[in-house]
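Chains as they are written, first to last, in the numbering used here: chain E, 181 to 469; chain Y, 1140 to 1530; chain F, 2 to 436; chain G, 36 to 472.
The C-beta atom is built at its ideal place from N, Cα and C for all residues, glycine as well.
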Ligand SMILES: Nc1ncnc2c1ncn2[C@@H]1O[C@H](COP(=O)(O)OP(=O)(O)O)[C@@H](O)[C@H]1O
Ligand SMILES: Nc1ncnc2c1ncn2[C@@H]1O[C@H](COP(=O)(O)OP(=O)(O)O)[C@@H](O)[C@H]1O
Ligand code: SF4
Ligand code: SF4
Ligand code: SF4
């Protein structure tokens, strides 16, 4: 089948990701570029412009040459450039199966939300669960604490894994965490132990989410926190402890899963639309954001 | 402005009038008229109506007021409906009502009835505990005595003669309303794009506080007008919404769900157990209309989370409904902390799993203002049915 | 001087109040709560003592006082800044590999900070209630971003160095003896030589005045960890009740909104608590919420209130969660809502929560005294006026400039009135109050 | 549990319980029919008259919690799709069932032959039984006990319940046991019930003395064990309550306080009335929050969920079915909220309490919905301030020790300050300087 070059834009609450993919039409494809930039209190539209430009540069394509530009996440930000929109879990499912074809469950942990998704081999979403209106136990929460402890994000994992005894954390409010941590430091708890305790508490929450979605194995973790090896280790322990036999996987490009998935769905849609156009006028419209 | 817009405008005005101005107007139009507030989800509407009292369903205040004093009664892990209902009362919005009826639908409503007695000593407060036992002689006697008591008490208050003929007439009036409700449901099934969930919802909410025949007329006016719209069907999935029978989701939530790619073709919003679940069969029993009402309740109807599921058929009934309405899947939308709705879910999903019917679940509160996560979940659900559905 | 000390170790700020035998406040100290509670308390306590001494010196000094006082505090901050710079350097150098590149950049940023010290640590800044950590942190952030944009140093890494260094620096006590600092301040204030000499003399005199700490009581979020004997610890509820009552004897209802909890307290005509409700474990609706939003909008905490007051049409903010409120704010701004309207909505959201708590505790009785850090925020006060009026009718609402000290004042009053003599023996040995 | 109390009656109580679970384990072997039912409104005399073995899901849940096993069960139920928001007693029980229905003592519980749904005092019971029936597909008897919405038991309500006993419950029992109902056996049971009830009521009333010889909440939950469950109407219960009464009489004579986790309480500093069920997962810590401060429970409403004996209810062998109906109708959570306020106010006054604590549990809407209102009403009726704390019965995730301790300490300090009238008004200390917008 004809190759289609598409872009996926994933507008998260902390960062924007863009992926450019050559889709081969048989479920496979080749990545041409994956770019990420943190929003850091800037106007997301400006950030998007930058990320998109870099990605297109890396992929060596012009925006007019793309067959489809798909947005996901806070799609409104991408309104000016996108062809259509797909919802977050749909895209993470697709991106995850692309990155790790064995994956039958996906756990996307970003800055504010965590989502557990059950998928089949074709990346069809079979079931899903999402955290509600409390940012306790997501990326923002871990970031706040790391910030306070003076630990960089990429150092968290190793530190946490080095801890001997985790410090149990009761309150896991993303905002109050700082006070809790101050309290812990005041009691002489080490940085590593605090981080480990936090990871444990987040892992419990995530394990619960996975349970609620009845997630199977193997599980690919996507989103920014896939890079947090400390959290992944705790999650594995938690799952093993509860008797669930789930193999936990990560991928270096995990954080881009949403953007990759969006690009792939864009290609899928483009082909379907083309087929429908051949068969007669389509009633379908791109789903609204 | 099109006729539909005019009607929807009227419905919105009614909905936004937290003080039930139209109920007051109805009462003022003739002496002796009463209005009785009814908490979800059961009220013996025929009995009230026959006694000259307009049944008015009070379903919380949604996101239209900030609850302040209502919070003084309930902890954070209790659903929201009772606090905003109290807030309405404390702010004087329920002054048009002469009393309140509390059905035994859950522990929260039950205890709310006691609070109401303390907080509004001037109200006629009545707790009603309809039998959960199916058709048994003991239940018939007990329930009939309860209803008779309510009938006589209200007749005394309204100055009406407690004549069984009033009961027969009231039953006939509500039959007209029930038939209109059925026409509305069918019309939506056929063309949900012409009858958005939000509008149908407003229309039904209007029925919460209107004389039955007036409401039936309003429904027909709306149906005629909406049919004129001739909107185009979009590529959306059809869903049944289950669990939202008591505390109501904010209207914006219904809109968010539809915008995320769904058509709501069936739901248990604004459920009134006597209406949706029970169809008094046959002609009213003119000789003994009260017996007919009692029989109708005890015979049961559509299963619901707040009635004892004696035969254990709730799950199958839901699967049948999904097929009958041609829905692609089910959205379980339950109020946070609602024991009846939430405890039912695993039983129901088990049956749906077995039947291969997709579903999703989320919780809400009547004053939720954030729909991002709901949009996301409903959107993903719609995406997956659309991309992978059989069709 | 015979004085009584009250300490309120809050979740956000640690406060100390000194009163004399006539229950008059003679000194106040406040600092941000940090991971070393003892240091936080010690800093607040020392600041309160310094404040008491300064007040005495000001009385003796006359016309030159304001300039000297401003210089006095500036000197303290400069010393802290110097320590921070040393710590930053050490932290950067300790980083394997990249340290060599980071150290000069950090140094550059801190030098520029020190150059701006006069404006940064002005009396105005102190008055706004910003602490060393906040002032320096915000400025460092801005300067670092600027520097990194030009150079090849990674911003996140630079910030990492700073985060680590401030943690260390703020947990040590930097103190210059009163007399010495006063002399330096007199010099910095540019007094004429003879006036300078007399100012110095006053400084040394005041520094030598003995202070007899006759009693102390601790309270607040971290009170269990205060190095005080058990009998010298009082619940925050009682302290806020009594403190508010002492400030305003007609008080019957107290609303305290602090950093991470909100309390609604009813007191009787003797200042005794009759009922209370508190709300914690979720930051929605507390002071932290505002801090978070201020960060989100890159504003100072003190700027939020005045900006919100300019709103004509408050937005409706519905997020229950602080963190989500941040994104909701961004969303609203991006669809064109005005900043002031969004902020006004946020303040209303906080007060709505407080109103629920008040309702739970027994309503709003005349008079209501509003205390805690959030009472410093005029928009919160305005929203409270509106909502109390709407739900309870006209009520007198008291807000004092020093309301953040209410808990500490209550504690000091308990110390003055309540602590039995035998406990004081034990107290003398305790390290928390070696005056 | 053994480290919690050291009274001799405690041993007896423990043995009774162990014996009960042993009996259950043998029930199938002995071909004894098994009935699952609830504590409030339990018809144990009637069940004994048919010689069936009762299983109480709530008792299993609380026993699991005290043995720190509820967490796993709750997670199991949540894994099966149950929401975090709903009653954790239900989840604990379902989780236990899913994990093989092994009871708290490690012995397997027999499956039911009959589910006797005494639908009183709690709406959730009905949902619970629907779920159980799904699992067991056995015979169900539904006994609908109307709620005392208007604050009283009407003759119609009583007749309705009696009629259901006659037409529904007894025939179903006859069906599963193959035995004919024998009213005389029922009466015999009731004679013994009455005796035990008399002694228990006496024990609770002993708390009117100063110092109180018992703790009517933390200790009380042990006292009610036998009579609220399978032993009421048995000789064993009569013996146990006679022994308990004798022990309390002794302590009363010696002017001794109750026995707490740390031994006898020396100084009774605060006398408190408790409303709401206790926390079971950290029962000992929870108790210590109070006993450390010298606070004693002199009365509690939780000890009335299985019978309002302190308020005078007795089973009556002369009118067996009517008194069973009254028993079901009058259990504490079947009372209207104004009635519950009156019960609490009576306790505060009658037991000369310094204050009252409402322990509001997330699980139990039946108890908790409206407790803040209850707080205000009781304060109004008594002039005594109340304290409000929140946690859960069996879900350890909702028990925040530090938080509870903080509130209780603040509350007790407040009671102490009021008692001393200590903080006499001084001169206003700060110059008032109003900042108004
Ligand atoms: N290297 C890293 N190590 C650990 N955590 C990281 C790392 N990089 C990012 N994160 C975490 O990932 C989160 C962002 O994830 P992302 O999926 O991009 O979120 P969103 O899509 O909501 O913007 C951050 O909050 C941060 O906590
Ligand atoms: N100058 C100020 N202007 C506005 N708000 C302030 C100011 N200073 C402090 N606050 C608010 O007060 C809160 C801290 O209040 P405080 O009573 O000190 O809390 P705690 O006792 O918990 O430490 C901060 O989170 C902030 O929102
Ligand atoms: S929402 Fe549910 S729990 Fe709340 S009152 Fe209604 S039925 Fe009861
Ligand atoms: S606990 Fe914290 S993170 Fe959770 S809702 Fe509250 S403020 Fe948000
Ligand atoms: S709600 Fe309360 S009474 Fe009902 S089952 Fe749960 S714990 Fe028991």
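Does the Cβ-Cβ distance between residue 1437 of chain Y and residue 1274 of chain Y come in under 7 Å? For residue 1437 of chain Y and residue 1274 of chain Y, yes; Cβs fall inside 7 Å.
Buried or exposed (CB count within 10 angstroms, at least 16 for buried), residue 253 of chain F: Residue 253 of chain F is buried by the Cβ-count criterion.
Using a Cβ cut-off of 7 Å (strictly closer), state whether residue 263 of chain E contacts chain Y. Not an interface residue.
I need the DSSP call for residue 92 of chain F, collapsed to helix, strand or coil. Residue 92 of chain F: helix per DSSP, three-state reduction.
From Y/1370, Y/1246 and Y/1255, pick the residue whose C-alpha is nearest to that of residue 1240 of chain Y; which is it? Ranked by how close their Cα comes to the Cα of residue 1240 of chain Y, the residues Y/1370, Y/1246 and Y/1255 have Y/1255 in first place.
Name the chain F residues that come within less than 8 Å of residue 435 of chain E, Cβ to Cβ? Those within 8 Å of residue 435 of chain E in chain F number zero; the least Cβ separation is about 15 Å.
Residue 426 of chain G: CB within 6 Å of a non-hydrogen atom of ligand 5: For ligand 5, not one heavy atom lies less than 6 Å from the Cβ of residue 426 of chain G.
Environment of residue 412 of chain E [buried if 16+ CB atoms lie within 10 Å]: Buried.
Using 7 Å as the threshold, is the C-beta distance between residue 333 of chain G and residue 375 of chain G below it? Judged by beta-carbon spacing, residue 375 of chain G lies beyond the 7 Å limit of residue 333 of chain G, meaning their Cβ atoms are not closer than that value.
Could you please give me the residues that DSSP links to residue 16 of chain F through a beta bridge? Residue pairing for residue 16 of chain F: DSSP places it in a beta bridge opposite F/9 and F/31.
If contacts are defined as beta-carbon pairs under 8 Å, then residue 503 of chain G and residue 410 of chain G qualify, I think. What distance do you get, rounded to the angstrom? Residue 503 of chain G lies beyond the range of chain G shown here (36 to 472); nothing can be said about it.
Residue range of the beta strand (DSSP E) that includes residue 219 of chain F: Segment 213-220, the beta strand (DSSP E) holding residue 219 of chain F.
Pick helix, strand or coil for residue 1318 of chain Y, following the three-state DSSP scheme. Reduced to three states, the DSSP call for residue 1318 of chain Y is helix.
Counted within 10 angstroms of its Cβ, other Cβ atoms place residue 23 of chain F as buried (16 or more) or exposed: Exposed: under 16 other Cβ atoms inside 10 Å.
Best match in F/314, F/409, F/332 and F/352 for proximity to residue 342 of chain F [C-alpha to C-alpha]: For residue 342 of chain F, the nearest C-alpha among the options comes from F/314.
According to DSSP, is residue 280 of chain F part of a helix, a strand, or is it coil? Strand at residue 280 of chain F.
Exposure label - residue 1222 of chain Y; buried when at least 16 CB within 10 Å: Under this definition residue 1222 of chain Y is a buried residue.
Taking beta-carbon pairs under 8 Å, can you tell me which members of the region 385-411 of chain F lie near chain Y? Hits within the stretch, in order: 388 and 392.
Suppose you measure from the CA of residue 333 of chain F to the CA of residue 301 of chain F; what does that come to, to the nearest Å? Here the C-alpha atom of residue 333 of chain F lies approximately 20 Å from the C-alpha atom of residue 301 of chain F.
Anything in chain F within Cβ reach of residue 1210 of chain Y, meaning under 7 Å, just list it in chain order. Residues of chain F passing the Cβ test: 357, 360 and 361.
Taking only beta-carbon positions, decide if residue 448 of chain G is within less than 7 Å of chain F. Closer than 7 Å to some Cβ of chain F, the Cβ of residue 448 of chain G qualifies, so yes.
Within 10 angstroms of its Cβ, does residue 300 of chain E collect 16 or more other Cβ (buried), or is it exposed? Residue 300 of chain E should be labelled exposed.
According to DSSP, is residue 371 of chain F helix, strand or coil? The answer is strand: DSSP assigns residue 371 of chain F an E or B state.
Cβ distance (whole Å) where residue 35 of chain F is taken to contact residue 8 of chain F below 8 Å: A Cβ-Cβ separation of about 15 Å leaves residue 35 of chain F out of contact with residue 8 of chain F under the 8 Å criterion.
Distance between beta carbons of residue 278 of chain E and residue 188 of chain E, contact taken as under 8 Å: Here residue 188 of chain E is actually not in contact with residue 278 of chain E; their C-beta atoms are around 11 Å apart, not less than 8 Å.
Within a Cβ cutoff of 8 Å, which residues of the same chain sit near residue 1140 of chain Y, ignoring the five residues on either side of it in sequence? Around residue 1140 of chain Y: 1148.
Inter-stretch contact (C-beta, 8 Å, three-pair minimum) for the region 413-420 of chain E and the region 217-232 of chain E: These segments do not touch.
Using only the alpha-carbon positions, how far apart do residue 400 of chain F and residue 83 of chain F sit? Going from the Cα of residue 400 of chain F to the Cα of residue 83 of chain F covers about 38 Å.
Hey, is residue 1281 of chain Y close to ligand 5, as in C-beta under 6 Å from one of its heavy atoms? Incorrect: residue 1281 of chain Y has no Cβ contact closer than 6 Å to ligand 5.
Which residues of chain G have a Cβ atom closer than 8 Å to the Cβ of residue 1276 of chain Y, listed in chain order? Within chain G, the residues near residue 1276 of chain Y are 198 and 202.
For residue 266 of chain E, would you say it is in contact with chain Y, using Cβ-to-Cβ distances shorter than 7 Å as the test? Closer than 7 Å: yes.
Anything in chain E within Cβ reach of residue 1386 of chain Y, meaning under 9 Å, just list it in chain order. Neighbours of residue 1386 of chain Y on chain E: none; closest Cβ ~16 Å, over 9 Å.
Between the region 122-139 of chain G and chain Y, which residues of the former have a C-beta closer than 8 Å to a C-beta of the latter? Of all residues in the region 122-139 of chain G, those with a C-beta nearer than 8 Å to a C-beta of chain Y are 122 and 125, reading in chain order.
Delimiting residues of the beta strand (DSSP E) encompassing residue 393 of chain G: Segment 390-396, the beta strand (DSSP E) holding residue 393 of chain G.
Leaving out five residues before and five after residue 215 of chain G in sequence, what residues of the same chain have Cβ atoms less than 7 Å from its Cβ? Cβ within range, chain order: 209.
Tell me whether the region 51-65 of chain G and the region 46-66 of chain F touch, counting them as touching only if at least three CB pairs, one residue from each stretch, are closer than 8 Å. When Cβ pairs closer than 8 Å are counted between the two stretches, the region 51-65 of chain G is seen not to touch the region 46-66 of chain F, the count staying below three.
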